[in-house]
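> What follows is a single structure, and I will ask about it in a moment.
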Amino acid sequence: MQNRLIALIEDAHKKNDIPDFRIGDTVDVHQKLLDGVKERTQVFSGTVISRSGSGAKETFTVRRLVQSEGVERIFLVHSPRIAKIEVKKAGMVRRAKLYYLRDRVGKATKIKDDAKRQVVIDKAIKAAAEAETKAAQEAAAKAKTEGGTSKRQAKKAAAKEAAKTAKK
Amino acid sequence: MALGLIGLKVGMTQVFTDKGDAEPVTVLELGPCRVLQIKDKDPKKDGYSAVQIGFKDKPRKNARRSEQGHVAAGLKSKRKEGRQKAGVQLPPKADCEPQRYVREFRVDTTDKKVGDVVNVGEVFKGVVSVDVIGTSKGRGYQGVMKRHNFDGLPAAHGAKKVHRQAGSTSSLASNRGSGRPKKGLKRAGQYGNTRVTVRNLKVIKIDEANNLLLVRGSIPGHNGAVVLVRPTNKK
Chain H
1 MQNRLIALIE DAHKKNDIPD FRIGDTVDVH QKLLDGVKER TQVFSGTVIS
51 RSGSGAKETF TVRRLVQSEG VERIFLVHSP RIAKIEVKKA GMVRRAKLYY
101 LRDRVGKATK IKDDAKRQVV IDKAIKAAAE AETKAAQEAA AKAKTEGGTS
151 KRQAKKAAAK EAAKTAKK
Chain F
1 MALGLIGLKV GMTQVFTDKG DAEPVTVLEL GPCRVLQIKD KDPKKDGYSA
51 VQIGFKDKPR KNARRSEQGH VAAGLKSKRK EGRQKAGVQL PPKADCEPQR
101 YVREFRVDTT DKKVGDVVNV GEVFKGVVSV DVIGTSKGRG YQGVMKRHNF
151 DGLPAAHGAK KVHRQAGSTS SLASNRGSGR PKKGLKRAGQ YGNTRVTVRN
201 LKVIKIDEAN NLLLVRGSIP GHNGAVVLVR PTNKK
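The listed protein sequences derive, respectively, from chains H and F.
Take 1 as the starting number for the first sequence in the UniProt record's numbering and just add one per residue.
Take 1 as the starting number for the second sequence in the UniProt record's numbering and just add one per residue.
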C-alpha cells in the first residue's frame, strides 16, 4: 500500500491524460527537446516491451529497430518532457515483459494484433485527426473573418504587384 | 544555531522540476511542534541555552505522570503546592497534551515562548538547504567487509577458511612502542543504528498545508523513523 502523503506528492506530478497503452502495443512517443532556445518535438516509435514502477515513478520501455540494430529507450510515463503518447497498434501478448524480442529477428518479432482494442484505437486516431483538421479550418476561418492575410494570400498579392510593375 | 523541527521520514519518491528533470526526494512530515521549555544559560538554572520542543500528542493514559506534569499546568501535586506556598515562582508550562517525541535544539537566542506552536512554513521559510539528523538502519553485528568496506582475503592462492577476515592489524608504524593497537582500529562489530547527520540537503518544496518538507536525496533511517531537521549550518 502506498503512503497517503507520498501519494499526495505524486498526484501533483502525475498526468491524467495518459492513454491506455499496454505491453506489446506500438506507440509513438512525442518528446519535447530543447534545440538551442527553440523547442521541438521528436517522435520515437516502437513496441512497448515493459512497464515498471507505479505512481509518478512509472516507466515504460520502447524498442524499435534502427538500421536492423535494436534500440531501446526508457521513458517516464508522467515526464513533462513527453508531449504525447500515441497508440498506433494494439498488440496481444501473454507476457508482462517482452524481453524475448531482443533475441529474435525478422518475422519472429511480430506481435499478434488485438483486433478488439484496435477498433477503439482506430476510432481515437480518426477522431484526433478530425479534431485537428477542424481546428485548422476554424483557425483559417477565424483568420479570414478577422481580415488578416494568410501566407498564401500575401504571396498572391505580391505576385500580382510584381506582374503589374513588369507590365509597366 | 537555528531552531529546527522534529518529524518523521515518510519515504522517498521522485518529482519533476520545472525543466522536466526527475529529482529524487525524501518526504518528511515535520511538526507542528510545541515549545515545551526554554533552557536558560544562567549556570544556576540550566547552564545552556536551548529550545525544547515536542512532536505528536501522546494519549494521556499512556503518558507517565512526569510526562504529563512536564506539559500540564493544571496537574495537582503536593510538591508543587508546597513550592507555591513557599513563594517559589514555578516555570511556565506549555499546557498541551503529553508529547510523544521531545527533543532540544541548541539556540543562542530565541523569540519563542513556552506554549508556542512552530510549524514547517515558519521555520523553513526561505531556507535553501537543511541538515537532517536521524538514526541509521541497524544491521547488527557485522564483519569488516560490510562494516568498513575492507577487501577481505583472496578466494584462492592458498587462502583456507579465511576469506572475509580483516587480515593483519599489527601495523608497526602507527603503534610503535605502545605494545597494543591504536584506538579506533576498524574491526567487526555493531553496524548501523547510530545517530547520523546528513548536511546540506537541498529543499525542493515546503507544503505548509500538510506539514511536509521535500529534500533532495536520501536520509538515514527507515520509513517512519524520527528525524530532526534544522536549517543547515554548513557554510
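Where is the CB? At the ideal position from N, CA and C, for every residue including glycine.
Only a predicted model underlies this, so the values are computations on that prediction, with no experimental measurement involved.
Count the other CB atoms within 10 Å of the CB of residue 52 of chain F; is the residue buried (16 or more) or exposed (fewer)?
When all chains shown are included, residue 52 of chain F counts as buried.
> Taking its Cβ as the centre, do 16 or more other Cβ atoms sit within 10 Å of residue 193 of chain F, making it buried, or is it exposed?
It counts as exposed.
> With 8 Å as the threshold, decide whether the Cβ of residue 33 of chain H is near any Cβ in chain F.
So no, residue 33 of chain H is outside the interface.
> Would you decide whether residue 98 of chain F is buried or exposed? Buried here means 16 or more other CB atoms lie within 10 Å of its CB.
So residue 98 of chain F ends up on the buried side.
> Quick check: what's the CA-CA separation for residue 108 of chain H versus residue 76 of chain H?
If I take the Cα positions, the gap works out to 28 Å.
> Measuring only the C-alpha atoms, how far is residue 124 of chain F from residue 133 of chain F?
Approximately 16 Å between the Cα atoms of the pair.
> Within the chosen definition, does the stretch 105–117 of chain F reach the stretch 17–24 of chain F through at least 3 CB pairs nearer than 8 Å?
No, they do not touch.
> Give the range of the alpha helix (DSSP H) segment to which residue 90 of chain H is assigned.
Note, residue 90 of chain H: premise wrong, no alpha helix (DSSP H); not H, not E.
> Checking the sheet assignment: what are the DSSP bridge partners for residue 127 of chain F?
According to DSSP, residue 127 of chain F bridges with nothing at all.
> Under three-state DSSP, which class holds residue 100 of chain H?
In the structure shown, residue 100 of chain H sits in a helix (DSSP, three-state: H, G or I).
> With three or more beta-carbon pairs closer than 8 Å as the criterion, would you say the stretch 53–65 of chain H touches the stretch 154–164 of chain H?
Touching, no.
> Within the 8 Å Cβ cut-off, does residue 26 of chain F reach chain H?
It does not; no Cβ of chain H falls within 8 Å.
> Answer with buried or exposed for residue 157 of chain F, where buried requires no fewer than 16 other C-beta atoms within 10 angstroms of its C-beta.
Exposed is the call here.
> Output, in chain order, the set of chain F residues within a Cβ distance shorter than 9 Å of residue 10 of chain H.
13, 14, 15, listed in chain order.
> Where does residue 141 of chain H land, buried or exposed, given buried means 16+ other C-beta within 10 angstroms?
When all chains shown are included, residue 141 of chain H counts as exposed.
> Could you please tell me which residues of the stretch 51–79 of chain H, in chain order, have their CB closer than 8 Å to any CB of chain F?
Against chain F - using a Cβ distance shorter than 8 Å - the residues of the stretch 51–79 of chain H are 55, 56, 57, 76, 78, 79.
> Using a Cβ cut-off of 8 Å, pull out every chain H residue sitting near residue 119 of chain F, in sequence order please.
Those within 8 Å of residue 119 of chain F in chain H number zero; the least Cβ separation is about 15 Å.
> At a Cβ cut of 8 Å, what residues of the stretch 96–108 of chain H count as close to chain F, listed as they run along the chain?
Hits within the stretch: zero.
> Can you check which of these residues, F:110, F:27, F:16, F:4, is closest to residue 6 of chain H by C-alpha distance?
Comparing Cα-Cα distances from residue 6 of chain H to each of F:110, F:27, F:16, F:4, the minimum goes to F:27.
> Along the stretch 11–45 of chain H, what residues have a CB closer than 7 Å to any CB found in chain F?
Listed by position, the residues of the stretch 11–45 of chain H near chain F (Cβ gap below 7 Å) are 13.
> Quick one: does residue 81 of chain H have its CB under 8 Å from some CB of chain F?
With 8 Å as the cut-off, residue 81 of chain H counts as an interface residue toward chain F.
> Find the residues of chain F that neighbour residue 85 of chain H, judging by a C-beta separation of less than 8 Å, and give them in chain order.
By Cβ distance, chain F contributes nothing, its closest Cβ being about 15 Å from residue 85 of chain H, past 8 Å.
> According to the Cβ coordinates, are residue 121 of chain F and residue 67 of chain F closer than 8 Å?
Cβ atoms of residue 121 of chain F and residue 67 of chain F: not closer than 8 Å.
> Kindly give me the distance between the Cβ atoms of residue 210 of chain F and residue 119 of chain F, rounded to whole angstroms, as I take these residues to be in contact under 8 Å.
So it is not a contact: roughly 11 Å between Cβ atoms.
> Please list the partners that residue 10 of chain F has in chain H, where partner means a Cβ-to-Cβ separation under 8 Å.
Under the 8 Å cutoff, chain H gives 3, 5, 6.
> Relative to chain H, which residues along the stretch 29–62 of chain F have a C-beta separation below 7 Å, given in chain order?
Under the 7 Å Cβ criterion, the stretch 29–62 of chain F contributes 29.
> Identify whether residue 212 of chain F lies in helix, strand or coil by the three-state DSSP scheme.
DSSP places residue 212 of chain F in strand when its eight states are reduced to three.
> Within the same chain, show all residues whose beta-carbon is closer than 7 Å to that of residue 96 of chain H, passing over the 5 residues directly before and after it, in chain order.
Cβ within range, chain order: 23.
> What separation, rounded to the nearest whole angstrom, lies between the Cα atoms of residue 213 of chain F and residue 199 of chain F?
Using only the alpha carbons, I get a separation of about 15 Å.
> Using 8 Å as the limit for Cβ to Cβ distance, is residue 22 of chain F near chain H?
Yes, contact with chain H.
> Taking all protein chains shown into account, decide if residue 125 of chain H is buried (16 or more other Cβ within 10 angstroms of its Cβ) or exposed.
Exposed.
> Jot down the residue ranges of each uninterrupted alpha helix (DSSP H) in the stretch 130–185 of chain F, minimum 4 residues, whole runs only, in chain order.
The stretch 130–185 of chain F contains these whole alpha helix (DSSP H) runs: 144–148, 172–175.
> Mind pulling the chain H residues with CB within less than 8 Å of residue 214 of chain F?
The answer, in chain order, is 9.
> Name the DSSP bridge partner or partners of residue 22 of chain F?
Residue 22 of chain F is bridged to F:16.
> Cα separation between residue 100 of chain H and residue 127 of chain H?
Approximately 35 Å between the Cα atoms of the pair.
> Closest to residue 31 of chain F by C-alpha separation, out of F:100, F:144, F:155, F:136, would be which residue?
Comparing Cα positions, the closest option is F:100.
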